[in-house]
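Here's the structure we're looking at; comments come further down.
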Amino acid sequence: MKKTFAILFIVVAGFLSACEDELERLPEYSLVEKTTFTTYNNYKLYMWKFYTTFSGFSGWGNDRNEWSGDMMLHGERNTGSNWLWNNITVPSSPNGLYKNSYKAIREINLMLGSLPENNTLTEKEKNHWQSVGLFFRSYHYFQLLKAYGGVIWVDKYINETDDEYLYAPRASRDEIATNILNDLNFAAENVKAGGDGANTVNTNVVKALISRFGLFEGTWRKYHNLGDEGKYLQASKSASEDLLAAYPAIHNNYDDVYNSLDLSSINGIIFYRDYVVGQAVHDLTHWIRTSQAPRRDLTKKAADMFLCADGQTRWNSPMFEGDATPHQEFRNRDRRMLYIICPPYKVKGNVGGDKHKWEHTGEALDREFMDLMASISPEGRKRMPEVNWAGFVQPRQPNFRKGDMPGTYDPGYNVTTTGYKNWKWYNTNHIKFYGNDETDAPIFRIGEVMLNYAEVMYELGSFDQSVADKTINKLRARGHVASMTVADIDANFDPTRNAKVAPVLWEIRRERAVELMCDGFRFDDLRRWKLMEEAAEEKLGRYVVKADYNNVPQIQGNKTEGYVSPYLNQGIPPAFPEHYYLYPLPSQELVLNDKLEQNPGWE
């Protein structure tokens, strides 16, 4: 699969370069149509470039905004998220999201506009390429809708004289959302069931987007009091049910989903971003293994989300030993915690002056989780001690900063700000190759669909034990956690629950937070639930005795022991403003188009 992709990448790159040259030489739409879109393979090659729409593991920190939620923070910043500290300003020019989305929409519309006059394709083939185009266009409009609400709707190729579109007013949210759903429904009915080969847009890929979009839009409408949420929730329900029937089981190892060189054989993967050394790579695992790693740190709230093995919260389970020491906190927990947050360990590093060599300390406690991870994770994955990108050993976790353990080998890489070191994507496939990772990135997978279905069924008043068994309990089983018994969940199940959220719904959302932790969903989830108050609180790390770490960590309340507080001097973020739930439109666009109106509150 990887080799096939590499060959195709070279062919497509040459074709797209030629297409771009042709488009520059032949700006008239009719000429471009005749010279670019002729055979079936012309369409196939032209549309291939849109698969990079999904950033996957590339540019992770720029497009997911995870640290604007409550589960992560940006450890390299001296201040918290601009969203949480009310420091967002109206951008002067279009950012990547706005600019790139409309660029892609324009190019997709060029292809769609060529289909009616094409005489070489059958109607079935035309419908297929229309479906592929509508899928990608819908995805881009979905991103715009999530950010801005109503935006300009463009359903034709725009040239320099199309003032009607270039200077059009914003379409309403209703119109954009309706168009997206209609286009995706057409695509689901008309795209080739098997797409154009492995890992291409097919019926299930389209339905996966419907599952995601329908849940988002339906719940946004419900919790923002817009109404008409039913049709979107029903669309998500229907698409999710079809996918659950097509993928009745999930892969048995959570870590394989995020650290495999080839996802084509992983059960439950619907669509993924393929990476190949020498063609398309990413640098995500590099960020996990360097001195800049704390930009991916987890919070105390994230750690507390993981249930104990008996299916109870850390607040109520007799299996929870406490959090006064790192080892206690990690015992008897959901196994996904071990795959997402690096467990505590300690070794002797720099043995014989060689940074690659290490020895055990001789203390059983120091190797407790080293031995456990060696039994559940293959070589090259979640093994300890951690190494940096050059293969140098990090002798301990948690490791707050260089200087926190004087008198020992004290490197400044693979560090943490909160004490909850994120190593979800940690692997050692490409040691000594800086930013040259080729682990595949899941884009749509049945685990997410299960969560979508569980939530949408609750919102439709139909969540029961049978739904829990086919969704949440399959995910818990993989994490070695006892099943959810819906009847046992009451107001006392989690004493930290936000009183606005019903107990069962809170547990459904917990499962989503755990399974999709760090995947880029949390900020948008809190926005659609209108619960950004969950993030407008002090972000904390693990419990430490400050003197044990050479007084390096900052402690909540400026105490000598307690929970790490990375933004201690800032205090608690202010309330999240109502108008912050939607992004501001670029001011430049408002100047160029006097029919555009800014989102309320951003004037």
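As numbered in mature numbering (1 follows the signal peptide of the UniProt record, and there is no 0), residues -18 to -1, 1 to 585 make up the sequence shown, in order.
C-beta: ideal position from N, C-alpha, C; glycine also.
### Task
Determine the contact status of Ala217 and Gly196, defining contact as a CB-CB distance below 8 Å.
Here residue 217 refers to the residue found at position 235 of the sequence shown. Here residue 196 refers to the residue found at position 214 of the sequence shown. A contact, by the Cβ cut-off of 8 Å.
### Query
beta strand (DSSP E) containing Tyr435: first to last residue?
Looking up residue 435 in the sequence shown gives position 453. Note, Tyr435: premise wrong, no beta strand (DSSP E); alpha helix (DSSP H) at Ile428 to Glu441.
### Task
Hey, could you find the ends of the beta strand (DSSP E) Phe253 is sitting in?
Here residue 253 refers to the residue found at position 271 when the sequence shown is read from its first residue. Note, Phe253: beta strand (DSSP E), Ile251 to Arg255.
### Task
Using a threshold of 8 Å, state whether the C-beta atoms of His56 and Ala86 are closer than that.
For the purposes of this step, residue 56 is identified with residue 74 of the sequence shown, where counting begins at 1. For the purposes of this step, residue 86 is identified with residue 104 of the sequence shown, where counting begins at 1. Not closer than 8 Å, so no.
### Query
Short check: CB of Ser120 to CB of Val431, under 8 Å?
By one-based count along the sequence shown, residue 120 stands at place 138. By one-based count along the sequence shown, residue 431 stands at place 449. Taking 8 Å as the Cβ cut-off, Ser120 and Val431 do not qualify as a contacting pair.
### Query
Going by alpha carbons, who is nearest to Asn381 out of Asn186, Thr272, Ala459 and Arg255?
As a working mapping, residue 381 is identified with position 399 in the sequence shown. Per the Cα distances, Thr272.
### Query
How is Gly51 classed by DSSP in three states: helix, strand or coil?
As a first step, residue 51 is located in the sequence shown; it is residue number 69 there, counting from the start. Three-state result, Gly51: coil.
### N- and C-terminal bounds of the alpha helix (DSSP H) containing Tyr22
Locating residue 22 in the sequence shown gives position 40, counting from the first residue. Taken as a continuous stretch (DSSP letters only), the alpha helix (DSSP H) holding Tyr22 covers Tyr22 to Trp30.
### Task
Would you tell me roughly how many angstroms separate the C-alpha atoms of Arg313 and Asn298, rounded to the nearest one?
Counting from 1 along the sequence shown, the entry for residue 313 is found at position 331. Counting from 1 along the sequence shown, the entry for residue 298 is found at position 316. Each residue's Cα considered, the two are about 15 Å apart.
### Query
Can you give the beta carbon distance from Tyr545 to Ile537, rounded, assuming they're within the 8 Å contact cut?
Mapped onto the sequence shown, residue 545 falls at position 563. Mapped onto the sequence shown, residue 537 falls at position 555. Yes, Tyr545 and Ile537 are in contact; Cβ-Cβ is about 7 Å, under 8 Å.
#### Entry: Where Ala150 sits in the DSSP three-state scheme
Against the sequence shown, residue 150 aligns to sequence position 168. In this structure, Ala150 counts as coil in the three-state DSSP scheme.
### Which residues DSSP lists as bridging Gln379, in chain order
Here residue 379 corresponds to residue number 397 of the sequence shown, with the count starting at 1. Tyr327, per the DSSP bridge assignment.
### Message
Here's the rule I'm using: 16 or more other beta-carbon atoms within 10 Å means buried, otherwise exposed. How should Leu347 be labelled?
### Response
Within the sequence shown, residue 347 is the residue found at index 365, counting from 1. Exposed.
#### Entry: Of the residues Ile554, Trp584 and Lys482, the one placed nearest Trp67, counting alpha carbons only
Within the sequence shown, numbered from 1, the residue matching residue 67 stands at position 85. Ranking the options by Cα distance to Trp67, first place goes to Ile554.
#### Entry: Classification of Ser448 by the beta-carbon crowding that lies within 10 angstroms, buried from 16 upward
Against the sequence shown, residue 448 aligns to sequence position 466. Ser448 should be labelled exposed.
### Query
What separation, rounded to the nearest whole angstrom, lies between the Cα atoms of Thr552 and Glu519?
Here residue 552 refers to the residue found at position 570 when the sequence shown is read from its first residue. Here residue 519 refers to the residue found at position 537 when the sequence shown is read from its first residue. According to the sequence displayed, residue 552 carries Gln and not Thr. If I take the Cα positions, the gap works out to 11 Å.
### Task
Assign Thr421 to one of two classes, buried (16 or more other C-beta atoms within 10 Å of its C-beta) or exposed (fewer than that).
Counting from 1 along the sequence shown, the entry for residue 421 is found at position 439. The residue in question, Thr421, is buried, as its Cβ has 16 or more Cβ neighbours within 10 Å.
### Message
Using C-beta distances below 7 Å, list every residue in its chain close to Ser547, excluding the 5 sequence neighbours before and after it, in chain order.
### Response
Taking the first residue of the sequence shown as position 1, residue 547 is located at position 565. If we look at Ser547 and ignore the five residues flanking it on each side, its Cβ neighbours are Glu520, Leu522, Gln536, Ile537 and Gln538.
### Beta-carbon proximity of Asn409 to Asn241, cut-off 8 Å
The residue given as residue 409 occupies position 427 in the sequence shown. The residue given as residue 241 occupies position 259 in the sequence shown. Against a cut-off of 8 Å, the Cβ pair of Asn241 and Asn409 comes out as a contact.
### Query
So Gly394 packs on Lys384, CB below 8 Å; how close in whole Å?
Sequence index remark: in the sequence shown, residue 394 carries index 412 (1-based). Sequence index remark: in the sequence shown, residue 384 carries index 402 (1-based). The Cβ separation is near 3 Å, so the contact holds.
### Task
Under 6 Å Cβ to Cβ from Phe198, same chain only, skipping five residues before and after it: list those, please.
On the sequence shown, residue 198 is found 216 positions in, with the first residue counted as 1. Closer than 6 Å at Cβ, skipping near neighbours: Arg510.
### Message
Pairs of beta-carbons, one from the stretch 285 to 293 and one from the stretch 256 to 271, closer than 8 Å: are there three or more?
### Response
no
### Query
Using the beta-carbon count (16 or more within 10 Å), is Pro325 buried or exposed?
Residue 325 sits at position 343 when you count from the first residue of the sequence shown. With 16 or more Cβ atoms within 10 Å of its Cβ, Pro325 is classed as buried.
### Query
Who are the Cβ neighbours of Asn172 in its own chain at under 6 Å, not counting the five residues just before and after it?
Start at 1 with the first residue of the sequence shown, and residue 172 comes out as number 190. The answer, listed in chain order, is Asn109 and Ser113.
### Query
What does a CB cutoff of less than 8 Å around Phe118 pick up in its chain, not counting 5 residues either side in sequence?
Here residue 118 refers to the residue found at position 136 of the sequence shown. Closer than 8 Å at Cβ, skipping near neighbours: Met29, Phe32, Thr35, Ala86, Ile90 and Val183.
### Task
Identify whether His462 lies in helix, strand or coil by the three-state DSSP scheme.
On the sequence shown, position 480 is the one that residue 462 refers to. It is coil, neither helix nor strand.
### Query
Are the beta-carbon atoms of Asp451 and Lys364 separated by less than 8 Å?
Along the sequence shown, read from residue 1 onward, the residue named residue 451 stands at position 469. Along the sequence shown, read from residue 1 onward, the residue named residue 364 stands at position 382. With a cutoff of 8 Å on beta-carbon distance, Asp451 and Lys364 are scored as not near each other.
### Query
Which runs of the alpha helix (DSSP H) fall wholly inside the stretch 289 to 377 and span at least 4 residues, in chain order?
308 to 312, 317 to 322 and 346 to 358
### Query
To the nearest angstrom, how far is it from the Cα of Lys213 to the Cα of Asn207?
Here the question's residue 213 lines up with position 231 in the sequence shown. Here the question's residue 207 lines up with position 225 in the sequence shown. When rounded, the separation of the alpha-carbon atoms in Lys213 and Asn207 is 15 Å.
#### Entry: Residues of its chain near Asp576, where Cβ-Cβ distance is below 7 Å and the 5 sequence neighbours each way are ignored
As a working mapping, residue 576 is identified with position 594 in the sequence shown. Cβ neighbours of Asp576 beyond the five flanking positions: none.
### Query
At what residues does the alpha helix (DSSP H) containing Val527 begin and finish?
Position 545 of the sequence shown, counting from 1, holds the residue named residue 527. Per DSSP, Val527 belongs to no alpha helix (DSSP H); it is in the beta strand (DSSP E), Tyr525 to Val527.
### Task
Provide the residue span of the alpha helix (DSSP H) that contains Tyr545, from first to last.
Sequence index remark: in the sequence shown, residue 545 carries index 563 (1-based). Run containing Tyr545: none in the alpha helix (DSSP H); it sits in the beta strand (DSSP E), Glu543 to Tyr545.
### Task
Might you give, ordered along the chain, the residues of its own chain that have their beta carbon closer than 8 Å to the beta carbon of Thr281, omitting 5 neighbours on each side?
Counted from its first residue, the sequence shown places residue 281 at position 299. Only Asp52, Met53, Met54, Leu55, Thr400, Tyr402, Lys521, Leu522 and Gly523 meet the Cβ criterion.
### Task
Please name the residue, chosen from Gly131, Thr467 and Ser220, that lies closest to Ala170 on a Cα-to-Cα basis.
The residue labelled residue 170 in the question sits at position 188 within the sequence shown. Closest by alpha carbon: Ser220.
### Query
Taking all protein chains shown into account, do 16 or more other C-beta atoms lie within 10 angstroms of the C-beta of Thr201, making it buried, or fewer, making it exposed?
As a working mapping, residue 201 is identified with position 219 in the sequence shown. Buried: at least 16 other Cβ atoms inside 10 Å.
### Query
By how many angstroms is the C-alpha of Gly443 removed from the C-alpha of Pro463?
Looking up residue 463 in the sequence shown gives position 481. Looking up residue 443 in the sequence shown gives position 461. Residue 463 is actually Val in this sequence, not Pro. Near 26 Å, if we compare the C-alpha coordinates of Gly443 and Val463.
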